[in-house]
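Residue numbers (my numbering): -19 to 55.
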């Protein structure tokens, strides 16, 4: 949720231009952190693709992926 908060609220400067690669780096780091904390899950694959795609990354995909992965493990 922190990554989504940073990207949506605090980092609107990442939207276009020269700072866009920093947004991509943040997404890759968050993806690695999710795999380290929760283990590998196929739900992380479309999430990283969505996060690296312009305008699709406006949706909080990391939060949804983590909710999906943690709910599926409880069953």
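Built from N, CA and C at the ideal position, the CB exists for glycine as well.
A direct Cα-Cα distance of roughly 30 Å separates residue 51 from residue 2. For residue 2, the secondary structure class from DSSP, reduced to helix, strand or coil, is helix. Between residue 18 and residue 44, the C-beta spacing is not below 9 Å. When DSSP states are grouped into helix, strand and coil, residue 42 belongs to the helix group. One alpha carbon belongs to residue 27, the other to residue 53, and they sit about 18 Å apart.
Counting only residues of its own chain and dropping the five nearest sequence neighbours on each side, residue 24 has a CB closer than 8 Å to the CB of 11, 14, 15, 45 and 49. Take the alpha-carbon of residue 37 and the one of residue -15: they are about 12 Å apart.
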